[in-house]
Amino acid sequence: MGYDTLHRGFGWSVPDRFNMAEVCSRRWAANPERCHGVAVVATAPDRPDQSHTYAQLQAEANRLSHALQ
Numbered sequence: 014m015g016y017d018t019l020h021r022g023f024g025w026s027v028p029d030r031f032n033m034a035e036v037c038s039r040r041w042a043a044n045p046e047r048c049h050g051v052a053v054v055a056t057a058p059d060r061p062d063q064s065h066t067y068a069q070l071q072a073e074a075n076r077l078s079h080a081l082q
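First residue of the sequence shown? That's 14 in my numbering, and the numbers climb one at a time after it.
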């Protein structure tokens with residue numbers, strides 16, 4: 014199967030009500046065995062790399078959503 018055929022036949026099957034934050038962060042942050050795992054590593058040319066756990070990301074997301082309310 015060639016790339017063009019594969020590309021034409023590709024599609025995402027996403028439910029009408031889909032919460033990306035839930036799938037990518039909240040459920041991992043709620044899991045005691047996974048919450049302290051590294052979720053992302055921030056890099057910048059002028060600073061050392063900085064790791065962020067799922068728990069840290071969720072705490073910041075909660076803080077932002079409360080501020081937006």
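Each residue gets a CB set at the ideal place from its N, CA and C atoms; glycine is no exception. Only a predicted model underlies this, so the values are computations on that prediction, with no experimental measurement involved.
Problem - Nearest-angstrom Cα separation, counted from R30 out to P58 - result: 38 Å
Practice task
Check whether the Cβ of W41 lies closer than 7 Å to any heavy atom of the ligand MN, and answer yes or no.
Solution key: With respect to the ligand MN, the structure offers nothing, as it holds no ligand at all.
Practice task
Along the alpha helix (DSSP H) that carries H65, what are the first and last residues, could you check?
Solution key: From DSSP, H65 is part of no alpha helix (DSSP H) but of the beta strand (DSSP E) over 60–66.
Practice task
For A74, name the three-state secondary structure that DSSP assigns.
Solution key: helix
Handout entry: E73 versus R21 - alpha carbon distance
Key = 39 Å
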